[in-house]
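Chemist:
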Amino acid sequence: MKLLRSPAPALLLLGLISRAWAISVRNSRSSPVTVAAADTTHSGNSTGGNTTAENGGHGAAAITTLPIVTWKWHHVELPYLITLWVLVCWLVKLVLHLYKRLTIEIPESAMLILFGFILGGMIWGADKAQTFALQPRTFFFFLLPQIILDAGYFMPNKLFFSNMGAILIFAIIGTVWNAVAVGLSLYGVYLGGAMGNLDIDILQFMLFGSLLSAVDPVAVLAVFEEVHVNEVLFILVFGESLLNDGVTVVLYNVCDAFVSLGADKINAAEIIKGIVSFLVVAFGGSLIGVVFAILLSLLTRCTKNLQIIEPGFIFVVSYLSYLTAEMLSLSSILAITFCGVCCQKYVNANMAESSVTTVKYAMKVLANGSETIIFVFLGISAIDPNIWVWNTGFILLTVLFVLVYRIIGVFVLTWMLNRYRLIPIEIIDQVIMSYGGLRGGVAYGLAVLLDQAKIKEKNLMLCTTLIVVYFTVILQGVTMKPLVTWLKVKRSSKSELCLIEKLQNRAFDHILVAIEDISGQIGHNYMREKWNKFEERFIRPLLMKTSARKSQDQLFNVFHQLNLKDAISYVAEGERCGSLDFARSDNDANLVFKKKFGADLSDIIPDINSDLSDKDPYDIPLPSRENSLPSVCLDVEEEMRRKEVGDNNAHHLLQTHLYKARKQHRHRYSRKETGVNKDENEVQEIFQRTMRSRLESFKSTKMGVSQNKKLKPSKKDQVSNGNVTNHTGDDEGGIENPAFMPDAPPQTPPWSSSAQAEYGVAPSQMAQLRIPWSPGNLHRLAPLRISTRSNDSFLLADRPTTEEEQQPPNQPCGMKK
Amino acid sequence: MGSRASTLLREEEIEEIKKETGFSHSQITRLYSRFTSLDKGENGTLSREDFQRIPELAINPLGDRIINAFFPEGEDQVNFRGFMRTLAHFRPIEDNEKNKDPSGTEPLNSRTNKLLFAFRLYDLDRDDKISRDELLQVLRMMVGVNISDEQLGSIADRTIQEADQNGDNSISFNEFIKVLEKVDVEQKMSIRFLH
Numbered sequence: 001m002k003l004l005r006s007p008a009p010a011l012l013l014l015g016l017i018s019r020a021w022a023i024s025v026r027n028s029r030s031s032p033v034t035v036a037a038a039d040t041t042h043s044g045n046s047t048g049g050n051t052t053a054e055n056g057g058h059g060a061a062a063i064t065t066l067p068i069v070t071w072k073w074h075h076v077e078l079p080y081l082i083t084l085w086v087l088v089c090w091l092v093k094l095v096l097h098l099y100k101r102l103t104i105e106i107p108e109s110a111m112l113i114l115f116g117f118i119l120g121g122m123i124w125g126a127d128k129a130q131t132f133a134l135q136p137r138t139f140f141f142f143l144l145p146q147i148i149l150d151a152g153y154f155m156p157n158k159l160f161f162s163n164m165g166a167i168l169i170f171a172i173i174g175t176v177w178n179a180v181a182v183g184l185s186l187y188g189v190y191l192g193g194a195m196g197n198l199d200i201d202i203l204q205f206m207l208f209g210s211l212l213s214a215v216d217p218v219a220v221l222a223v224f225e226e227v228h229v230n231e232v233l234f235i236l237v238f239g240e241s242l243l244n245d246g247v248t249v250v251l252y253n254v255c256d257a258f259v260s261l262g263a264d265k266i267n268a269a270e271i272i273k274g275i276v277s278f279l280v281v282a283f284g285g286s287l288i289g290v291v292f293a294i295l296l297s298l299l300t301r302c303t304k305n306l307q308i309i310e311p312g313f314i315f316v317v318s319y320l321s322y323l324t325a326e327m328l329s330l331s332s333i334l335a336i337t338f339c340g341v342c343c344q345k346y347v348n349a350n351m352a353e354s355s356v357t358t359v360k361y362a363m364k365v366l367a368n369g370s371e372t373i374i375f376v377f378l379g380i381s382a383i384d385p386n387i388w389v390w391n392t393g394f395i396l397l398t399v400l401f402v403l404v405y406r407i408i409g410v411f412v413l414t415w416m417l418n419r420y421r422l423i424p425i426e427i428i429d430q431v432i433m434s435y436g437g438l439r440g441g442v443a444y445g446l447a448v449l450l451d452q453a454k455i456k457e458k459n460l461m462l463c464t465t466l467i468v469v470y471f472t473v474i475l476q477g478v479t480m481k482p483l484v485t486w487l488k489v490k491r492s493s494k495s496e497l498c499l500i501e502k503l504q505n506r507a508f509d510h511i512l513v514a515i516e517d518i519s520g521q522i523g524h525n526y527m528r529e530k531w532n533k534f535e536e537r538f539i540r541p542l543l544m545k546t547s548a549r550k551s552q553d554q555l556f557n558v559f560h561q562l563n564l565k566d567a568i569s570y571v572a573e574g575e576r577c578g579s580l581d582f583a584r585s586d587n588d589a590n591l592v593f594k595k596k597f598g599a600d601l602s603d604i605i606p607d608i609n610s611d612l613s614d615k616d617p618y619d620i621p622l623p624s625r626e627n628s629l630p631s632v633c634l635d636v637e638e639e640m641r642r643k644e645v646g647d648n649n650a651h652h653l654l655q656t657h658l659y660k661a662r663k664q665h666r667h668r669y670s671r672k673e674t675g676v677n678k679d680e681n682e683v684q685e686i687f688q689r690t691m692r693s694r695l696e697s698f699k700s701t702k703m704g705v706s707q708n709k710k711l712k713p714s715k716k717d718q719v720s721n722g723n724v725t726n727h728t729g730d731d732e733g734g735i736e737n738p739a740f741m742p743d744a745p746p747q748t749p750p751w752s753s754s755a756q757a758e759y760g761v762a763p764s765q766m767a768q769l770r771i772p773w774s775p776g777n778l779h780r781l782a783p784l785r786i787s788t789r790s791n792d793s794f795l796l797a798d799r800p801t802t803e804e805e806q807q808p809p810n811q812p813c814g815m816k817k
Numbered sequence: 001m002g003s004r005a006s007t008l009l010r011e012e013e014i015e016e017i018k019k020e021t022g023f024s025h026s027q028i029t030r031l032y033s034r035f036t037s038l039d040k041g042e043n044g045t046l047s048r049e050d051f052q053r054i055p056e057l058a059i060n061p062l063g064d065r066i067i068n069a070f071f072p073e074g075e076d077q078v079n080f081r082g083f084m085r086t087l088a089h090f091r092p093i094e095d096n097e098k099n100k101d102p103s104g105t106e107p108l109n110s111r112t113n114k115l116l117f118a119f120r121l122y123d124l125d126r127d128d129k130i131s132r133d134e135l136l137q138v139l140r141m142m143v144g145v146n147i148s149d150e151q152l153g154s155i156a157d158r159t160i161q162e163a164d165q166n167g168d169n170s171i172s173f174n175e176f177i178k179v180l181e182k183v184d185v186e187q188k189m190s191i192r193f194l195h
């Protein structure tokens, strides 16, 4: 869009809009209306008042003639204002993104706040009162939950839980330290007289410290996501910001209660109650989240026939968890976080693909939108001279203390943690972590909630909070990126993995697990494995649909990129050939292929996009119709085409078919992108194969012959490690991207569809042997090996399929003897 | 050190192992007790059957290969020194070791040695190259049954194609290192050994 060359016209437009409705609102209202009816009684009054005015107007003022149209502002006032404000905030964001250069330098959140200042100024000019300040109720009930839900739902679980120890340490101890240190220091300085005359006592300082202690998830997300630090660093800061809500809420409420009680009533009992309340609030909130996650998963098990509304359930139930926790005065942020974290796996498996996509996008819209609104209003709320109480000592020292104690806290805690971590947190990461302790909307919301009656200096505190927020978000946000680059923080590598990296990563997982088993270590992986087994045996059958054993397409993007690269080179090759065998190709997979990438290829071949996009996918467009269409050749010789497509499939095949290790995959979390199931049939296969190879190598040394053995299938189900449950209906063939696997139907091995019901394992060409023993009874190996003569015990009476007979025996792993 | 049948671990041996592998005293004793518990024959060495007795290894796709890695070329028994030497590859790289002293040999758990361990899992004939067949074997071990040989072959070809630089249709150790340079090997090939 080249229309707007400077921000001036855009701003002018916004200014006009705000002026217009401000004036209209002022003219037609009887009392100030706050956005989103922050106060129910308030809105009840105003709407009640309006309706009576209207009714009174209709009743009292006798109409003399039939009005054709009437001005019904009061009728729509509230929803109109809300919607208009949402629109304005999003327009601001739109304007921002027109100037890409700007958003690269300055984080979006900072720009939004600055725009908020401007808007606030306009409103102040129009109204002489800040009618649209951010109300805490609006913030906590309508703007914050979806952001937290988005964070929890797309949380990279493995990373989160494997760093949980560090995250908890930072969240609990770090936050308490922040609160106490800031509060006490301020009190000390106050006693020292550097702040002049203020009507605050120590408890109020503690309260103030506690509300400032919370690192804000919204701000952290906004800044860190643009900076792209490595994922461990990100998860530490982000996880801390999510979990410290439990601490903040408790501290805030406890201090608030203490302030009400008065300093003299504080004794040991109260303090103990405070500690107990922390435990209750934190664990209670998390528990509620987990309970609702279970409910949600169970719900999605049954919604097969209701796929249209299915996505809605996620939002509704999660929001209920938030409200329930709020109702019970537990930590609502923790509740909705854990709801998202725990339900994501099951919900994604249970729901239809389209629902998963819908949820993904809807959540991003809501989260991003809310975040925008929050930052804009944080700016607007500042323009209120009522709260402009300046106290140099208080404000500057607060900012200083917040920063300093954050740094101290992070470094001390990291030093302690590094003694127990496998990979220590580097100094540079620590610097970023301390610098990334951003305060945001939560602190502001809590500050507004302060009771003016009890806390005389509320306005000062409010002002200070806002200044701290601005300092962290704007200043630290702006300088974060240069700092990261300057310090050469290890960035998250966004590059695609080549095949050998993927393979090797998986190999590493297997190797590590094996070494842990050999050395008898009970490490992370042991615990994780135990949890995985438990989860598979008990939780998954409960919460996941039986048919939901689909392998999810991980690294779809990688595959997509690869395909795109290949497609481009492919088409370029075709163009060189200049053949027009497009239409005659009966391999319509290529065309579906092209259609999918039509949008991406559009800048290379502009006309194909228009051609393909409005055609039915199975309709083959004839390029000869378009005279301007460059001649695209798809008639590369058959073999090469199949090879190309085969190559494209290589990544995908590898990805879907690599055995999972007994660890899970790592994800990478991003607000703007999305990305990721385990099959214990794999375990059986691996086991069979291992046993077979061991047997063969043993046999080959003992008898010098390698034979084609068939063994009697036995009840193989009881693998003693307990990780086998038979699943019927192995629909592994249903990999959901028909566009990229055109050969899938013919190439699906015929044996895999006729899976053995007893095993649920599709025997491969190689799987010619069935092993009669289970790993728990390995000692039986010894007698079997001794009896080299009794081969007939190994022969199978009935063969599984006839296919296998044709195949020569394979020695998969050459064990040297 | 030959296959000395010693059931007790002597101090000087601990010291030697400590110097060679970098494990701490308590780690070595702990691992020694593990070694003896695996050693059913009680002759101070482990054979392949001893390893295979560990049930979890049977369900690990690379289990047998890893077992193989413990045994030096051509031998069937591994003593405690060898056991520790192999395990030493998986020690986390510590900060003070990052500044390698140029005079000494590379520690066993350096990045290169870790990668060498992984490389040797593929390269059975020790010709310092992963040929297509060797790769195919490992792929077949790590992949489910639903992939046909043809598909697997194309994956193997593709893999080699991506990594191979000198065009000899196999992956040498240097090419292996190069292609994995972005991977955080230090983390992915380290486990925490309990003290």
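Protein chains in written order, with UniProt numbering: chain A, 1 to 817; chain B, 1 to 195. We treat Cβ as the ideally placed atom computed from N, Cα and C, and that holds for glycine. Only a predicted model underlies this, so the values are computations on that prediction, with no experimental measurement involved.
Would you mind stating whether residue 301 of chain A and residue 348 of chain A have Cβ atoms separated by less than 7 Å?
Modeler: Contact flag unset, no.
Chemist: Rounded to whole angstroms, what's the CA-CA distance from residue 158 of chain A to residue 77 of chain A? Just pull it up for me.
Modeler: Rounded to the nearest angstrom, the two C-alpha atoms are 47 Å apart.
Chemist: Find the nearest neighbour of residue 217 of chain A within the set A/457, A/210, A/207, A/333, judged by alpha-carbon distance.
Modeler: The shortest Cα separation from residue 217 of chain A among A/457, A/210, A/207, A/333 belongs to A/333.
Chemist: Restricting to Cα atoms, I'd like to know which of B/63, B/110, B/61 is closest to residue 85 of chain B.
Modeler: Here the closest residue by C-alpha is B/110.
Chemist: Are residue 399 of chain A and residue 291 of chain A closer than 7 Å when you measure CB to CB?
Modeler: In this structure, residue 291 of chain A does not lie closer than 7 Å to residue 399 of chain A by Cβ.
Chemist: What's the C-alpha gap between residue 192 of chain B and residue 515 of chain A?
Modeler: About 11 Å.
Chemist: Which bits of chain B does residue 540 of chain A rub up against, with CB to CB less than 9 Å?
Modeler: Under the 9 Å cutoff, chain B gives no residues; its nearest Cβ is about 19 Å from residue 540 of chain A.
Chemist: Kindly indicate if chain A contains any beta-carbon less than 7 Å away from that of residue 56 of chain B.
Modeler: Yes, residue 56 of chain B counts as interfacial toward chain A.
Chemist: Does residue 498 of chain A get closer than 7 Å to chain B when you measure Cβ to Cβ?
Modeler: It does: the Cβ of residue 498 of chain A has a partner Cβ on chain B nearer than 7 Å.
Chemist: Comparing C-alpha positions only, which one of A/448, A/401, A/137 sits nearest to residue 471 of chain A?
Modeler: Considering only alpha carbons, the answer is A/401.
Chemist: Is there a Cβ from chain B that is less than 7 Å from the Cβ of residue 515 of chain A?
Modeler: Yes - at least one Cβ of chain B is within 7 Å of the one on residue 515 of chain A.
Chemist: Taking the beta strand (DSSP E) that residue 389 of chain A falls in, what are its first and last residues?
Modeler: First-last for residue 389 of chain A: undefined, no H or E at that position.
Chemist: Classify residue 52 of chain B as helix, strand or coil using the three-state DSSP reduction.
Modeler: Helix, per DSSP.
Chemist: Consult DSSP for residue 309 of chain A and reduce its assignment to one of helix, strand or coil.
Modeler: Of the three classes helix, strand and coil, the one that applies to residue 309 of chain A here is coil, per DSSP.
Chemist: Just checking my contact of residue 112 of chain A with residue 412 of chain A at CB under 8 Å: how many whole Å lie between their CB atoms?
Modeler: Not quite, the Cβ-Cβ distance comes to about 34 Å (not below 8 Å), so this is no contact.
Chemist: From the DSSP output, in three-state form, read off residue 110 of chain B for me.
Modeler: Reduced to three states, the DSSP call for residue 110 of chain B is coil.
Chemist: Between the stretch 163-185 of chain B and chain A, which residues of the former have a C-beta closer than 7 Å to a C-beta of the latter?
Modeler: So the list reads 163, 179, 180, 182, 183, given in the order they occur along the chain.
Chemist: For residue 355 of chain A, count the other beta carbons within 10 Å of its own beta carbon; 16 or more makes it buried, fewer makes it exposed. Which is it?
Modeler: Residue 355 of chain A comes out buried.
Chemist: Under the DSSP definition of a beta bridge, which residues are partnered with residue 77 of chain B?
Modeler: B/47.
Chemist: Going along the stretch 153-177 of chain A in order, which residues come within less than 9 Å of chain B, judged by CB to CB distance?
Modeler: Flagged: no residues at all.
Chemist: Around the C-beta of residue 419 of chain A, are 16 or more other C-beta atoms found within 10 angstroms, so that it is buried, or is it exposed?
Modeler: It counts as exposed.
Chemist: Is the CB of residue 85 of chain B under 7 Å away from at least one CB in chain A?
Modeler: False, the Cβ-Cβ gap to chain A never drops below 7 Å.
Chemist: Is it a yes or a no for the stretch 189-196 of chain A touching the stretch 229-247 of chain A, going by three-plus beta-carbon pairs under 8 Å?
Modeler: Counting Cβ pairs under 8 Å, fewer than three are found: no touch.
Chemist: Does the stretch 378-397 of chain A come into contact with the stretch 119-134 of chain A, if we say contact requires no fewer than three beta-carbon pairs (one atom in each stretch) closer than 8 Å?
Modeler: The stretch 378-397 of chain A is in contact with the stretch 119-134 of chain A.
Chemist: Is the Cβ of residue 111 of chain B closer than 7 Å to any Cβ of chain A?
Modeler: Not closer than 7 Å to any Cβ of chain A, the Cβ of residue 111 of chain B fails to qualify, so no.
Chemist: Starting from residue 508 of chain A, follow the alpha helix (DSSP H) in both directions and report where the run begins and ends.
Modeler: Taken as a continuous stretch (DSSP letters only), the alpha helix (DSSP H) holding residue 508 of chain A covers 499-518.
Chemist: What did DSSP end up calling residue 172 of chain B once you bin it into helix, strand or coil?
Modeler: Strand.
Chemist: Closest to residue 390 of chain A by CA distance: which of A/379, A/461, A/327, A/686 is it?
Modeler: Of the candidates A/379, A/461, A/327, A/686, the one whose C-alpha sits nearest the C-alpha of residue 390 of chain A is A/461.
Chemist: Give the residues of chain B in contact with residue 905 of chain A, contact being defined as C-beta atoms less than 8 Å apart.
Modeler: Summary: the structure shown does not reach residue 905 of chain A, with chain A confined to residues 1 through 817, and so no result is reported for it.
Chemist: When the Cα of residue 70 of chain B is compared with those of B/59, B/90, B/55, which residue comes out closest?
Modeler: Among B/59, B/90, B/55, the Cα nearest to that of residue 70 of chain B belongs to B/90.
Chemist: So, are the CB atoms of residue 181 of chain A and residue 361 of chain A less than 7 Å apart?
Modeler: It is not a contact, given that the beta carbons lie outside the stated cut-off.
Chemist: Could you say if the stretch 112-126 of chain A and the stretch 301-315 of chain A meet the contact criterion of at least three C-beta pairs nearer than 8 Å?
Modeler: Touching, no, given that fewer than three Cβ pairs across the two stretches are closer than 8 Å.
Chemist: Flag residue 63 of chain B as yes if its beta-carbon sits less than 7 Å from any beta-carbon of chain A, otherwise no.
Modeler: Yes - at least one Cβ of chain A is within 7 Å of the one on residue 63 of chain B.
Chemist: Please confirm if the stretch 166-185 of chain B is in contact with the stretch 118-134 of chain B, defined as three or more CB-CB distances below 8 Å between the two stretches.
Modeler: Result yes; three or more Cβ-Cβ pairs closer than 8 Å.
Chemist: Taking all protein chains shown into account, decide if residue 93 of chain A is buried (16 or more other Cβ within 10 angstroms of its Cβ) or exposed.
Modeler: By the neighbour-count rule (16 or more Cβ atoms within 10 Å), residue 93 of chain A is buried.
Chemist: Could you check the C-alpha separation between residue 156 of chain A and residue 344 of chain A for me, to the nearest Å?
Modeler: Distance between the alpha carbons of residue 156 of chain A and residue 344 of chain A: 10 Å.
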